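Asks: Before I ask anything, here is the structure I am working with.
Protein chains: 2
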Amino acid sequence: MPLTLKDIARMAGVAESTVSRAINNKPGVGEETRKRILEIVRKYNYQPNQLARGLAIKETRMLALIVADLSSADYKIIKSIEAYANEQGYNCLICNTDNNLEKEEAYLQLLSNQRVDGAIIIGGELANKNIINTALNKNGLMVLVNCLAEELLIPTILVDSARGGYLATSHLLQQGLKKIAIVTGSSKDFLESEKLAGYLQALADHNLELEERYILETDGSREGGYDAFLQLLEQGDLPEAFFVTRDILAVGLIDAIKMGGYLIPEDFSIVGYGESFISSIINPSLTVVAEPLEELGRYAAKYMIDLLNGRDPEEMIKVLEPVLKVGESSVLRTG
Amino acid sequence: MPLTLKDIARMAGVAESTVSRAINNKPGVGEETRKRILEIVRKYNYQPNQLARGLAIKETRMLALIVADLSSADYKIIKSIEAYANEQGYNCLICNTDNNLEKEEAYLQLLSNQRVDGAIIIGGELANKNIINTALNKNGLMVLVNCLAEELLIPTILVDSARGGYLATSHLLQQGLKKIAIVTGSSKDFLESEKLAGYLQALADHNLELEERYILETDGSREGGYDAFLQLLEQGDLPEAFFVTRDILAVGLIDAIKMGGYLIPEDFSIVGYGESFISSIINPSLTVVAEPLEELGRYAAKYMIDLLNGRDPEEMIKVLEPVLKVGESSVLRTG
DNA sequence: TTGTAAGCGTTATCAC
DNA sequence: GTGATAACGCTTACAA
């Protein structure tokens, strides 16, 4: 079994407390003694038992990253959080809930269990408020990313999805296009409804009437995107452009468009959402609303560390701005 | 601060040990007392401190999943491992090394630190053997998935990549194609070289000569795939089919092929590797060698739990068989 | 069946 | 500057 503090102390001929002070760079150890101790520590590659340490100082230096769907593009956020957290001496436990509230609940217990010092919840629908509340009441610290808990006072980092919807739609309008359809995921999803709101606002600002039939709510899947186009085909009244609020939806929609023998952007201009690997693969390259994922993660980690250090985050709700990245799917080649 | 065992004991009017026995379903507690205790536990939603528990019983019930690249398709393996592990009462710490040996090293320290009971290493090149060794010597348990540590005796789960290469190539040969190129990643990667070996074996079994110019080693990137095709174009001697050993490579290759105005599968048949989301998006749908990722994960988790329980895994090296999934990219539509 | 007490490997509060 | 010693919250012999 591994060496303990006691072993090191015996070898160095000092008390455990002295060793503890030495390895934690605390004052109150003679230069000589410190050197001697550290030498032994190095020689035997002693590693303090973090469980015992955690028990004594009441912290685990572990963060839970609770993410709704590991397979989504959220890993960019995760990477960014991890980088900052590691820098500050924290490790991240990535918890995949599979959009399953029970699993989320189970993971939040880690917080109550004190197995992690804090939890960052990324995307997805939020678990039962009661559970969150009990976790919080036990001094569990929480930060939200791209999701909202109404009523509860939890630091939150969001990308302004309404702004994203506005940018996407305005861009299409600026191309002189007027008949713009929107293909969204579930309107129950807060972020999706925000994107729709942005779309509507852009139309309104351009004095265009809302055409109900151009608002296509789907289940957010690839098939959903495919079917959306078919539905329009049946109705017989095709738009000139599409704003698609999810990359997977875009894949399906574009499949359907190509299947119908139409060209992009000649027949339909398209703007997607999220600068994912998927959208980069699509041909022609997709114009997208890009979210500052790296920044999102950095803020989330920063806010969490602030909380852990007893500081208040600079804002309770931090809203970041998305940016339009123009690709080939929305702009007609001139000449 | 949260309730402790002591609090519960006081409330129930019994000793701490009794409470401990009660909540751990251990024998030696009267039916009455047990009920009374559990009632209180439920009422106050008491959660045992896992740090203290871990310290006492010397286990953390945490597994580290060390993965070379979070953004790859490995999350299917991860999900599968997680599912099995959770079932057995373990949580998984997902550690993303970004193909960075230093980070891998840092994460392996978690093992020596006893912050996790075991580590499952998924893909990627393996860290310095010394580090692995010290981790192992400290009773750190390890299981390898889709990577190899020569010399060291570590339980390993592999997919037979040579078999995969063989399946892919044979499939193309069976279509009557003879000039088959292979586009691979780095030959330093064990799995990549295995795929190449399978390709060569298939050619040999069909009495075809090896054409050096049809073996294209790349850096495994999208651009690598793109450039591979350009290189062949320059040489002027185009093959009839491609076996591409990575999905990202396939994306680039197909881009280049389409850019050249060629059709798939009319001009070139293509077989890819790995049933990823990417390959499902590619148009036409890609014929691929599919790996049993779910099974891979289940075995990995099972082997790890076996180790944790002091049992020997059923085999030191478990080799799983890949399967060919035929799509549209390799078969000419007849009629 | 239940309680007592020692121990897990640290840190922290005191004395000295 | 250094060393006992009591926490931290739990498990587990061993006693009763």
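First to last, the sequence lines map onto chains X and E.
With numbering that gives the first Met the number 0 as the guide, the letters of the first sequence map in order to residues 0 to 334.
With numbering that gives the first Met the number 0 as the guide, the letters of the second sequence map in order to residues 0 to 334.
Even for Gly, the Cβ is constructed at its ideal location relative to N, Cα and C.
None of the values given here were measured: they were computed from a predicted structure.
What's the call for E:A14, buried or exposed, on a 16-neighbour Cβ count within 10 Å?
Replies: Against the second sequence, residue 14 of chain E aligns to sequence position 15. Burial call: exposed.
Asks: Have a look at X:G334 and X:Q174 and give me their C-alpha separation to the nearest angstrom.
Replies: In the first sequence, the residue the question calls residue 334 of chain X occupies position 335. In the first sequence, the residue the question calls residue 174 of chain X occupies position 175. Reliability of the predicted coordinates at X:G334 is poor, the pLDDT of 47 falling under 50, and the value obtained from them is presented with this limitation in mind. Our two residues, X:G334 and X:Q174, have alpha carbons roughly 15 angstroms apart in a direct line.
Asks: Distance, Cα to Cα, E:D6 vs E:R41?
Replies: Numbered from its first residue, the second sequence carries residue 6 of chain E at position 7. Numbered from its first residue, the second sequence carries residue 41 of chain E at position 42. Straight-line Cα distance between these residues: approximately 13 angstroms.
Asks: Quick check on E:G334 - is its C-beta less than 8 angstroms from some C-beta in chain X?
Replies: Position 335 of the second sequence, counting from 1, holds the residue named residue 334 of chain E. In this predicted model, E:G334 has a pLDDT of only 47, less than 50, meaning its place in the structure is not dependable; the value taken from the coordinates is given anyway. Cβ-Cβ to chain X under 8 angstroms: no for E:G334.
Asks: So with CB distances below 8 angstroms, who are the chain X contacts of E:G302?
Replies: In the second sequence, the residue the question calls residue 302 of chain E occupies position 303. Note that residue 302 of chain E is Tyr in the sequence shown, not Gly. The premise fails here: E:Y302 is roughly 21 angstroms from chain X at the closest Cβ pair, so nothing lies under 8 angstroms.
Asks: Can you check whether the C-beta of X:I316 is within less than 8 angstroms of a C-beta belonging to chain E?
Replies: By 1-based counting over the first sequence, the position of residue 316 of chain X is 317. Answer no: the Cβ-Cβ gap between X:I316 and chain E never drops below 8 angstroms.
Asks: Is the beta carbon of E:V288 less than 8 angstroms from the beta carbon of E:A148?
Replies: Mapped onto the second sequence, residue 288 of chain E falls at position 289. Mapped onto the second sequence, residue 148 of chain E falls at position 149. The answer is no: Cβ separation not under 8 angstroms.
Asks: By alpha-carbon positions, which one of E:R114, E:M61, E:M10 and E:N48 ends up nearest to E:I39?
Replies: Here the question's residue 39 of chain E lines up with position 40 in the second sequence. The candidate whose alpha carbon is nearest that of E:I39 is E:M10.
Asks: I need the boundaries of the beta strand (DSSP E) containing X:T96, first residue and last residue.
Replies: Stepping through the first sequence from its first residue, residue 96 of chain X is reached at position 97. No beta strand (DSSP E) holds X:T96; DSSP gives it neither H nor E.
Asks: Check each residue of the segment 220-240 of chain E: if its Cβ is closer than 9 angstroms to any Cβ of chain X, include it; give the result in chain order.
Replies: R221
Asks: Could you check the C-alpha separation between E:Q46 and E:L323 for me, to the nearest Å?
Replies: Within the second sequence, residue 46 of chain E is the residue found at index 47, counting from 1. Within the second sequence, residue 323 of chain E is the residue found at index 324, counting from 1. Rounded to the nearest whole angstrom, the C-alpha separation of E:Q46 and E:L323 is 48 angstroms.
Asks: Who are the Cβ neighbours of E:P321 in its own chain at under 8 angstroms, not counting the five residues just before and after it?
Replies: Start at 1 with the first residue of the second sequence, and residue 321 of chain E comes out as number 322. The residues are V158, D159, S160, R162, G163, L166, V288, A289, E290 and P291.
Asks: Please report how far the alpha carbon of X:I214 lies from the alpha carbon of E:G139, in whole angstroms.
Replies: If you number the first sequence from 1, residue 214 of chain X lands on position 215. If you number the second sequence from 1, residue 139 of chain E lands on position 140. Going from the Cα of X:I214 to the Cα of E:G139 covers about 56 angstroms.
Asks: From the DSSP output, which residues share a beta bridge with E:F241?
Replies: As a first step, residue 241 of chain E is located in the second sequence; it is residue number 242 there, counting from the start. Bridge partners of E:F241: E:A180 and E:I269.
Asks: For E:A72, is the classification buried or exposed, using 16 other Cβ atoms within 10 angstroms of its Cβ as the cut-off for buried?
Replies: Start at 1 with the first residue of the second sequence, and residue 72 of chain E comes out as number 73. E:A72 is buried by the Cβ-count criterion.
Asks: With a threshold of 16 other CB atoms inside 10 Å of the CB of X:P238, please say whether the residue is buried or exposed.
Replies: One-based indexing of the first sequence puts residue 238 of chain X at position 239. So X:P238 counts as buried.
Asks: In this structure, does DSSP put E:N90 in helix, strand or coil?
Replies: Working through the second sequence from its first residue, we reach residue 90 of chain E at position 91. Correct three-state label for E:N90: strand.
Asks: Along chain E, in chain order, which residues have C-beta atoms closer than 8 angstroms to that of X:I120?
Replies: On the first sequence, position 121 is the one that residue 120 of chain X refers to. Correct list: empty, because the minimum Cβ distance to chain E is about 16 angstroms.
Asks: Compile a chain-ordered list of the residues in the segment 75-101 of chain X whose CB is closer than 9 angstroms to at least one CB of chain E.
Replies: K75, I77, K78, E81, N85, N90, C91, L92, I93, C94, N95 and D97
Asks: Rounded to whole angstroms, what's the CA-CA distance from E:D97 to E:V66? Just pull it up for me.
Replies: Start at 1 with the first residue of the second sequence, and residue 97 of chain E comes out as number 98. Start at 1 with the first residue of the second sequence, and residue 66 of chain E comes out as number 67. Each residue's alpha carbon lies about 8 angstroms from the other.
Asks: When you compare the CB positions of E:V270 and E:S329, do they come within less than 8 angstroms of one another, or not?
Replies: As a working note, residue 270 of chain E is residue 271 in the second sequence. As a working note, residue 329 of chain E is residue 330 in the second sequence. Yes, the Cβ-Cβ distance between E:V270 and E:S329 is below 8 angstroms.
Asks: List the DSSP bridge partners of X:M141.
Replies: Translated into the one-based positions of the first sequence, residue 141 of chain X becomes position 142. The bridge partners DSSP lists for X:M141 are X:A118.
Asks: Rounded to the nearest angstrom, how far is the Cβ of E:L248 from that of E:G184, given a contact under 8 angstroms?
Replies: Position 249 of the second sequence, counting from 1, holds the residue named residue 248 of chain E. Position 185 of the second sequence, counting from 1, holds the residue named residue 184 of chain E. That belief holds up - the Cβ atoms of E:L248 and E:G184 are roughly 7 angstroms apart, short of 8 angstroms.
Asks: Measuring alpha carbon to alpha carbon, tell me which of E:L151, E:D204 and E:C146 ends up nearest E:H170.
Replies: Residue 170 of chain E sits at position 171 when you count from the first residue of the second sequence. Comparing Cα positions, the closest option is E:D204.
Asks: Can you find a C-beta in chain X that's less than 8 angstroms from the C-beta of E:N112?
Replies: Taking the first residue of the second sequence as position 1, residue 112 of chain E is located at position 113. So, interface residue.
Asks: Alpha carbon to alpha carbon, what distance is there between E:E294 and E:K317?
Replies: Against the second sequence, residue 317 of chain E aligns to sequence position 318. Against the second sequence, residue 294 of chain E aligns to sequence position 295. Computed Cα separation, rounded: 11 angstroms.
Asks: Can you name the residues of chain E whose CB is closer than 8 angstroms to the CB of X:V250?
Replies: Here residue 250 of chain X corresponds to residue number 251 of the first sequence, with the count starting at 1. Within chain E, the residues near X:V250 are I280.
Asks: Between E:I280 and E:I304, what straight-line distance do the alpha-carbon atoms span, to the nearest angstrom?
Replies: Counted from its first residue, the second sequence places residue 280 of chain E at position 281. Counted from its first residue, the second sequence places residue 304 of chain E at position 305. Rounded to whole angstroms, E:I280 to E:I304 spans 36 angstroms at the Cα level.
Asks: Would you tell me roughly how many angstroms separate the C-alpha atoms of X:G260 and X:L319, rounded to the nearest one?
Replies: For the purposes of this step, residue 260 of chain X is identified with residue 261 of the first sequence, where counting begins at 1. For the purposes of this step, residue 319 of chain X is identified with residue 320 of the first sequence, where counting begins at 1. Rounded to the nearest angstrom, the two C-alpha atoms are 39 angstroms apart.
Asks: Okay, do the segment 249-257 of chain X and the segment 219-232 of chain X touch, 3+ Cβ pairs below 8 angstroms being the bar?
Replies: yes
Asks: With 8 angstroms set as the bound, which would you pick, yes or no: does the beta-carbon of X:E320 sit closer than that to a beta-carbon of chain E?
Replies: If you number the first sequence from 1, residue 320 of chain X lands on position 321. Cβ-Cβ to chain E under 8 angstroms: no for X:E320.
Asks: Which word fits E:L331, buried or exposed, when buried means at least 16 other C-beta atoms lie within 10 angstroms of its C-beta?
Replies: To locate residue 331 of chain E, count along the second sequence from 1; it is residue 332. By the neighbour-count rule (16 or more Cβ atoms within 10 Å), E:L331 is not buried but exposed.
Asks: In this structure, what does DSSP give as the bridge partners for X:E191?
Replies: By one-based count along the first sequence, residue 191 of chain X stands at place 192. DSSP output for X:E191 lists no bridge partner at all.
Asks: Put E:A289 into one of helix, strand or coil per three-state DSSP.
Replies: Here residue 289 of chain E refers to the residue found at position 290 when the second sequence is read from its first residue. Reduced to three states, the DSSP call for E:A289 is strand.
Asks: Would you list the one or two residues that DSSP bridges to E:K324?
Replies: In the second sequence, the residue the question calls residue 324 of chain E occupies position 325. Bridge partners of E:K324: E:V287.
Asks: What residues of chain E sit near X:A51, judged by a beta carbon separation below 7 angstroms?
Replies: By one-based count along the first sequence, residue 51 of chain X stands at place 52. Under the 7 angstroms cutoff, chain E gives L54.
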